[in-house]
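Residue numbers (this note's numbering): 1 to 483.
Set out below in C-alpha cells:
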C-alpha cells in the first residue's frame, strides 16, 4: 500500500523518538496529566495509544505495554476475526428435521429442533419454522420431540465471576432464544391468606410465552431476593430458583436463562400448541444423518449481526458468533477461553512485531474482570480489523454519547473503563485510538467480597465510572483538537 508523503515523513520522524511524535498532543505534557489528576485518577491507572491507522505511527501514548481490563472492547477484535473467518454474508441456520412417516396429519416418528448458534433467534423465528411444519400437514407427533445443541458447547453462564441474577451473564448454546433472558413477574397477595403470584416468561418483540423450563420456589428471608437452586446444564428438572420477596422490590425483572437448549425447546412446544401441533415433552438428542429437513430459518448476514453487537454490546451474541468462528478454525474448541485464544491467534501472527505478552482474553464479550490487553495490542488488533470492520463501529449519530467524528466500541465493568476505535481531528485527519483506565486494587477487593446473589453495582463503583467517562471525554477532546 502506498503511504501518503506526510505518513512517510512522520514514520521517519518516529524512528528516533516516539515522544517527538507525541508532542503535538502533549502525551506526556501538562494537558494530559492535568486531565488525569482533575478527574481523580493516578497516572498509573491510565493507558492509551493514539495512532495513524495507515502507517502505524504512534502519535501519543501512555503505558502502551501495560495490561488493562478490556471489558466490552473485546467485542471489536472478536467481530473482526469472525467476519474474516466466516465471511460477512454468513448466516446462522436453525432447522427442523423429521424421521418416520407422515400420514393424516400424524408424524409417526421423531421431530428434531436443531440449533446452529443463531444469536438473533427469536420466538418469531420459531413461529416461521412451525408455519413450514404446519404446511406439511403435521398436527401431531407420536415419536419424540428432540432438541439438538451439538453445533456448539452449551454452558450455564458466560463468566463465573458475575452475579447469578445478572441478565447479561446468560447461558450459551447452539439453541439460544430471545437473548437467553427471561422476565420474572410477581404480585403480592391481594388479601391475607392468598398466595404470591409468580411467572417466568420468554419475551420477544411481539409478545411473551410462559417458560416451562423455569421453576420458582417461594421462600422468605432478608438479604437476596433470588438464589439459583439448580442451574447445571445436565439437570433434568431445568432451572430452579428460590424467590424471597423483599420490601420495595420491583414487580418484574430480567434474569438469565442457564439452560438455553431446554428453554428454547419448551417455548417451541408452547408455540406449536398455539399453532395446533401437539408435541411430547422435549428431550435432548441429535438429528440422525437419515433425518429429512422439514424447515429452515436463517439469520440476517453476519455483517448485520456484527454491527448490532458493536452497537448494542449484547454479550451472548458476541460469544455465539465468536464460538462459531473459532470452531470453524478448530472444531475441538469446548470453552470460551479456548475459543478466544483460537480467534486471536491469526491477528497475532499478522502483527509479529507487536509484543503480545500479558494478553489474556477469557471470552469474546469482555465479560470478565480477569481478561487483560495492552493499549499497544489493541492498536494492532484495530489495524488488523481493517476499514470495513471499523465502519461498523457506532458513533454519536447512532445515539451513542460520543463526540462528532468518533466511532468506537466502549467497555464498562466496575472499576474498568475502555474505549477503542477511530476519531476525526479538527483538521480532518482520521486516527485510531485505544483508551483504558482500571483500578486494579478496588476491583480485586470487590471480587473478593462479591455476593453472587446481588447484582447491584456498589455506589462507589458507579461514582468511579462517572469520573472515568469524564476522563475519557477530556482526552478525546485533547486528541481531536491536537492536529
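Glycine included, C-beta positions come from ideal geometry on N, C-alpha and C.
Nearest candidate by alpha-carbon position, reference residue i, set the options
i           : options            : result
residue 324 : 167, 175, 35, 131  : 175
residue 349 : 433, 315, 327, 384 : 384
residue 449 : 155, 162, 122, 100 : 162
residue 263 : 456, 171, 457      : 171
residue 154 : 137, 167, 165, 173 : 173
residue 128 : 94, 355, 440, 365  : 94
residue 97  : 256, 441, 148, 321 : 148
residue 389 : 340, 304, 273, 329 : 304
residue 289 : 43, 99, 60, 50     : 99
residue 183 : 115, 382, 219, 254 : 254
residue 137 : 465, 364, 101, 344 : 101
residue 302 : 59, 58, 83, 53     : 83
residue 326 : 344, 315, 309      : 344
residue 309 : 268, 380, 364      : 364
residue 443 : 224, 413, 381, 204 : 413
residue 334 : 158, 139, 124      : 158
residue 484 : 404, 405, 374      : Nothing can be reported for residue 484, as the shown portion of the chain is limited to 1 through 483.
residue 116 : 151, 220, 292, 124 : 151
residue 168 : 41, 86, 313, 432   : 313
residue 431 : 281, 124, 379, 458 : 379
residue 121 : 80, 331, 178       : 178
residue 64  : 77, 43, 72         : 43
residue 277 : 88, 139, 405       : 139
residue 346 : 62, 78, 387, 268   : 78
residue 81  : 319, 433, 41       : 319
residue 306 : 433, 118, 441      : 118
Whole-angstrom C-beta distance between residue j and residue i, which should lie under 8 Å
i           : j           : result
residue 270 : residue 228 : The pair is not a contact, with the Cβ atoms about 23 Å apart (cut-off 8 Å).
residue 322 : residue 340 : 7 Å
residue 453 : residue 186 : Contact flag wrong, Cβ pair sits at about 17 Å.
residue 166 : residue 369 : Contact flag wrong, Cβ pair sits at about 13 Å.
residue 53  : residue 354 : Contact doesn't hold; Cβ gap of about 15 Å is too wide.
residue 446 : residue 461 : 7 Å
residue 247 : residue 225 : Rounded, the Cβ-Cβ distance is 10 Å, inconsistent with contact.
residue 202 : residue 123 : 7 Å
residue 275 : residue 134 : 6 Å
residue 328 : residue 86  : 6 Å
residue 297 : residue 411 : Between residue 411 and residue 297 the Cβ distance is about 32 Å, and since that is not below 8 Å, they are no contact.
Close beta carbons around residue i, own chain, < 7 Å, minus the five adjacent residues each side
i           : result
residue 426 : 480, 481
residue 259 : 171, 213, 233, 238, 239
residue 438 : 45, 68, 69, 415, 416
residue 371 : 69, 70, 74, 360, 361, 362
residue 402 : 395, 396, 408
residue 66  : 47, 374
residue 293 : 95, 97
residue 291 : 97, 98, 99, 112
Sequence-distant residues of the same chain with beta carbon closer than 6 Å to residue i, five excluded per side
i           : result
residue 141 : 107, 111, 279
residue 216 : 198, 241, 243
residue 233 : Bear in mind that the predicted position of residue 233 carries a pLDDT of just 48, short of 50, making it unreliable; the figure below should be weighed with that in mind. Hits under 6 Å: 154, 156.
residue 132 : 295
residue 272 : 130, 279
residue 180 : 170, 171, 257, 260, 316
residue 285 : 146
residue 28  : Note that residue 28 has pLDDT 44, beneath the 50 cutoff, so the model's placement of it is unreliable and the number below is only indicative. Taken in chain order, the list of residues that qualify is empty.
residue 337 : 362
8 Å CB neighbourhood of residue i in its chain, flanking five on each side removed
i           : result
residue 475 : 32, 35, 48, 435
residue 356 : 348, 377
residue 283 : 144, 145, 146, 147
residue 470 : 39
residue 472 : 417, 419, 435, 437
residue 188 : 196, 245
residue 392 : 79, 303, 306, 307, 310
Bridge-paired residues (DSSP) for residue i
i           : result
residue 434 : 49, 420
residue 464 : According to DSSP, which records beta bridges pairwise, residue 464 is partnered with nothing at all.
residue 412 : 417
residue 360 : 372
residue 155 : 172
residue 103 : 106
residue 90  : Looking at the DSSP assignment, residue 90 forms no beta bridge with any residue, so it has no partner.
residue 241 : 216, 228
residue 455 : Note: residue 455 sits in no beta bridge, so no partner.
residue 295 : 96
residue 395 : 407
beta-carbon residue i near the ligand GDP non-hydrogen atom, thresh 8 Å
i          : result
residue 37 : You won't find the ligand GDP in this model; it holds no ligand whatsoever.
Closer than 9 Å to chain D by CB, residue i
i           : result
residue 434 : No chain D appears in this structure, which consists of one protein chain only.
**Study point:** Minimum length 4: unbroken alpha helix (DSSP H) runs contained in the stretch 245-288
**Key:** Within the stretch 245-288, the complete alpha helix (DSSP H) runs of at least 4 residues are 260-274.
**Study point:** Ordered list of alpha helix (DSSP H) runs contained in the stretch 21-79, each at least 4 residues
**Key:** 30-38
Review point. In chain order, which beta strand (DSSP E) runs of at least 3 residues are fully inside the stretch 170-224?
Key: With a minimum length of 3 residues, the continuous beta strand (DSSP E) runs that stay inside the stretch 170-224 are 181-187, 197-204, 207-210, 214-218.
Practice item. Report the residue ranges of all alpha helix (DSSP H) runs contained in full by the stretch 307-341; include only those spanning at least 4 residues, in chain order. Key: 315-329
Check your understanding: Whole alpha helix (DSSP H) runs in the stretch 106-163 with 4 or more residues, listed along the chain?
Key -> Annotation note: the stretch 106-163 contains the following uninterrupted alpha helix (DSSP H) runs of length 4 or greater, listed N- to C-terminal: 123-135.
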